[in-house]
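**Student:**
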Amino acid sequence: MRFSKILVIITAFVISTFASAPMDVNLGLEGVKPISLSEAESISKEANALFLDTNEDSVYKQRHVAKAINVNISNVLSHMPDDKNVKIVLYGQNSSSREPNQIAKILIAEGYTNLYYMIEGIDAWAISGRKTSSIFFKNEKLPEKEIHSFYDGIHEHLMFANLPSCRDCHSSPKVVYASKAEKEELFRDKEFVNDNCKSCHNTEKEHFEKSVHSPFVTQDLKADRKLPNCTDCHGVHVADKDGKVLRELKQISQDNCGVCHEKEQSLYHETFHGKALLLNAPGDAVRVAACFDCHGAHNVLGMDDEKSMIHVNNRTQTCGECHPGSNMNFTGFIAHADHTDSEKFPLLHGAYVFMTGLVIAVFGFFGLHTLLWSVRLIRARLEHPMAWKAAKEKAHNDKMTLKRFSKFHMIQHFFMAASFLGLAFSGLPQKFYTAPWAKSMIELMGGMEMATFIHHVCAVIMFAVFFSHIAEIILVQAKKGSGFFSRLFDADSLMPRWQDFADMKAHFMWFLGKGERPQFDRWTYWEKFDYLAVFWGMFIIGFSGLVLWFPVFFSGFMPGWMINLATLVHSDEALLATGFIFAIHFFNTHFRADRFPMDMVIFSGTLSEEEIKQERAKWYERLSKNGELKKLYYTNEEYKWYKPIAKFAGYAMLVTGLVFLFLMIYAYVVSVF
């Protein structure tokens, strides 16, 4: 028994090896020279050259090389000239044709010595754009579109089977003896084309005839539309002239589904499945759930049909094909949820309104804040150039530095910034999946699977930074003993105080030229906003991201529509975070005129004493009064050796963020216009 199994395996291996190997149709036949299409074309221009078409009569009538003679083994000699040295070119249907060899043996036996074999045959001659003749049309040349979409991409790679070829559709009696106008009408008739498919695929035919797409079940979708059929989903010529499949079946099928189900398709594209299908390259999209993975391929049935894949009793099994452990809550995920529809999806719509309002409010307020601040600083620099220059040089040349951030804080900031850029890099093409640059960015990362992996790794790093900061707060407060709540809103805390609102008002008055430039304490109001925004973002983006990462787990105790909610808030909050960091935070920290081109404090950990006096005089005065100033004097000698590295890393992050900001703005502009 074991020996027989081994024998079967060896036999299958040998057969598959021969099946995948190209046929050498000229093997053992001397006196015949194989030639390419271009060589054959050159010979065709010679006056005395003779072309022999060895195809069946129906194929020859449909298309052949101009002036070629159709021959077979019984009549070939009757067409031969007396000159044994005449150039003779033989060809068949394609490289698998055996008739040219049979004819060649007869001619060799008769003494003909100048024989050539155009291996690729009439099929390749036609699709290469070379002129052909037929009994219907003279000097016919295939149009460019047909040439470049000729290959099937599926059937042509299979061997040793009763497979369809060009002539099964294009050379049937119904086509061959039709006029040109009748031909065009025939190939517009999907039923004529699809009958050929169903003649081989019997099981699929049986399923299809019971589906909602069958004319036996549904008379018509709409008066101006016909029901879909085989070629609507599978396509006909899906590869280029080199046989490269430009898009695979899933990508083709969802486009065709969208012809009739346009709204459902657009809502599907808002999900991870839809975005991945659009952004993946052919070969990678096969693992992404497309329309037919959920609704069925040939067996598309109504939702209320108990045999339907999306019937309430079957959804767990359908989802479980890709998501093991799928449960009823998980199947509550709404694949085509419309968050703009307040009647059908009130909770999603409410979240959409809230997130949209939040994005508009934050960008509106801080956009105005940034604009006014920028204009005020530029005016100050232009109106008082000498004083501006003196103040900047004094701050820069001051050798007395005070410690602002610990080494631990600097390390945390570096990994926070690096992971944030990684999340933006892998997330932005999914957010702006219709942008011209989205697919290229995904391909740069190695596809959607690799982009998702990068996103998850960066998320883990950011979680580690966040929780290390929480642990630090707990340890520091524990060392200080009781009084945590009294310290929560003191001058050294990052929690907002009434003084911050007073500082903000004074700052706006200075922007408008209505007051003096305000002085700040240890933390400014915009720094506190940045800090607290991280907490908000970690809870909103972080938790929603975990739900999307582990949907089956969370659906164990949450309804499925929470996955829809997580998708919405994760996307909008990520947009808010990336836009704010690259536009607002970069300006506040680096790009304002008195800090341009970069504030290096986060890398050095220190500020010069003069810098503190110029912007944080309240902090300086407080430290001087309570005797804490001397404790903060610190010269970071280590910074000297890693300063070039820090500058390189800092500028690289800035440039990367600006590129991302440009891509985001570009995507919005393109979507509008």
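Residue numbers (this note's numbering): 26 to 698. Where is the CB? At the ideal position from N, CA and C, for every residue including glycine. Small disclaimer: the values here were computed from a predicted structure and weren't measured.
By how many angstroms is the C-alpha of Ile277 removed from the C-alpha of Thr256?
**Tutor:** 10 Å
**Student:** To the nearest angstrom, how far is the alpha carbon of Pro349 from that of Thr296?
**Tutor:** Computed Cα separation, rounded: 19 Å.
**Student:** Nearest-angstrom Cα distance between Asp423 and Pro307?
**Tutor:** 60 Å
**Student:** Using C-beta distances below 8 Å, list every residue in its chain close to Ser444, excluding the 5 sequence neighbours before and after it, in chain order.
**Tutor:** Cys483, Ala484, Ile486, Met487 and Val490
**Student:** Put Tyr458 into one of helix, strand or coil per three-state DSSP.
**Tutor:** coil
**Student:** How should Lys332 be labelled, buried or exposed, when 16 other C-beta atoms within 10 angstroms of its C-beta is the threshold for buried?
**Tutor:** Around the Cβ of Lys332, a 10 Å sphere holds fewer than 16 other Cβ atoms; the residue is exposed.
**Student:** Taking the alpha helix (DSSP H) that Ile479 belongs to, which residues open and close that run?
**Tutor:** Here the alpha helix (DSSP H) through Ile479 covers Met473 to Lys505.
**Student:** Which one of Ala65, Lys112 and Tyr85 has the shortest CA to CA distance from Leu75?
**Tutor:** Lys112
**Student:** If I follow the unbroken beta strand (DSSP E) through Ile60, where does it start and stop?
**Tutor:** Its beta strand (DSSP E) spans residues Val57 to Ile60.
**Student:** Does Phe76 come out as helix, strand or coil in the three-state DSSP assignment?
**Tutor:** strand
**Student:** What are the residues that DSSP puts in a beta bridge with Asn18?
**Tutor:** The first residue shown for the chain is 26 and the last is 698, placing residue 18 beyond what the model contains.
**Student:** For Tyr116, which of helix, strand or coil comes out of DSSP?
**Tutor:** strand
**Student:** Please classify Thr228: does DSSP put it in a helix, a strand, or coil?
**Tutor:** helix
**Student:** What did DSSP end up calling Leu140 once you bin it into helix, strand or coil?
**Tutor:** strand
**Student:** Identify whether Ser158 lies in helix, strand or coil by the three-state DSSP scheme.
**Tutor:** strand
**Student:** Which residue wins for smallest C-alpha separation from Ala91, given the options Ile609, Phe450 and Ile68?
**Tutor:** Ile68
**Student:** Drop a sphere of 10 angstroms on the beta-carbon of Val697, count the other beta-carbons inside from all chains shown, and report buried for 16 or more, exposed for fewer.
**Tutor:** Within a 10 Å sphere around the beta-carbon of Val697 sit fewer than 16 other beta-carbons, which makes this residue exposed.
**Student:** Can you give me the start and stop residues for the alpha helix (DSSP H) that Leu393 sits inside?
**Tutor:** In the DSSP assignment, Leu393 falls within the alpha helix (DSSP H) that extends over Pro371 to Glu408.
**Student:** Can you tell which of Lys504, Asn254 and Ser351 has its C-alpha closest to the C-alpha of Asn221?
**Tutor:** Asn254
**Student:** Determine the direct distance from the alpha carbon of Lys414 to that of Met441, and round the result to whole angstroms.
**Tutor:** Distance between the alpha carbons of Met441 and Lys414 is about 34 Å.
**Student:** Quick one: grab the DSSP three-state call for Tyr658.
**Tutor:** strand
**Student:** Assuming Trp758 contacts Asp546 (C-beta within less than 8 Å), just tell me the rounded distance between them.
**Tutor:** No answer is possible for residue 758: it lies beyond the span of the chain, which begins at 26 and ends at 698.
**Student:** Indicate the three-state DSSP secondary structure (helix, strand or coil) for Thr631 in the structure shown.
**Tutor:** strand
**Student:** Using the C-alpha atoms, what's the distance from Pro622 back to Tyr556?
**Tutor:** 22 Å
**Student:** Please work out which residues of its chain come closer than 8 Å, Cβ to Cβ, to Ala528, disregarding the five sequence neighbours upstream and downstream, and give them in chain order.
**Tutor:** Sequence check: residue 528 is Asp here, not Ala. Cβ within range, chain order: Pro543, Phe545, Thr549 and Tyr550.
**Student:** Throw me the rounded Cβ distance for the Trp666 and Phe536 pair, which I believe falls under 8 Å.
**Tutor:** Going by Cβ atoms, the distance from Trp666 to Phe536 rounds to 40 Å, so no, they are not a contact pair.
**Student:** With distance defined between alpha-carbon atoms, name the residue in Thr631, Ala674 and Gly682 nearest to Tyr659.
**Tutor:** Closest by alpha carbon: Thr631.
**Student:** I'd like to know if the region 683-692 and the region 449-460 are in contact, where contact means that at least 3 CB-CB pairs between them fall below 8 Å.
**Tutor:** yes
**Student:** Would you report the Cα separation of Asp619 and Ala449, rounded to the nearest angstrom?
**Tutor:** 28 Å
**Student:** Which residues does DSSP list as the beta-bridge partners of Thr296?
**Tutor:** Its beta-bridge partners do not exist; DSSP assigns none.
**Student:** Which of helix, strand or coil does DSSP assign to Tyr89?
**Tutor:** Correcting the residue identity first, residue 89 is His in this sequence and not Tyr. Reduced to three states, the DSSP call for His89 is strand.
**Student:** If we ignore side chains and look at the alpha-carbon of each, how far apart do Ile133 and Gly56 end up?
**Tutor:** Take the alpha-carbon of Ile133 and the one of Gly56: they are about 7 Å apart.
**Student:** Buried or exposed for Lys539, going by 16 or more other Cβ atoms inside 10 Å?
**Tutor:** exposed
**Student:** Are the region 136-150 and the region 113-120 touching, with three or more C-beta to C-beta distances below 8 Å?
**Tutor:** yes
**Student:** Do we get a CB-CB distance below 9 Å when we pair Glu497 with the residues of chain B?
**Tutor:** As a matter of chain content, chain B is missing from the structure shown, which is built from one protein chain.
**Student:** Roughly how many whole angstroms lie between the Cα atoms of His320 and Leu303?
**Tutor:** Answer to the nearest angstrom: the Cα atoms are 19 Å apart.
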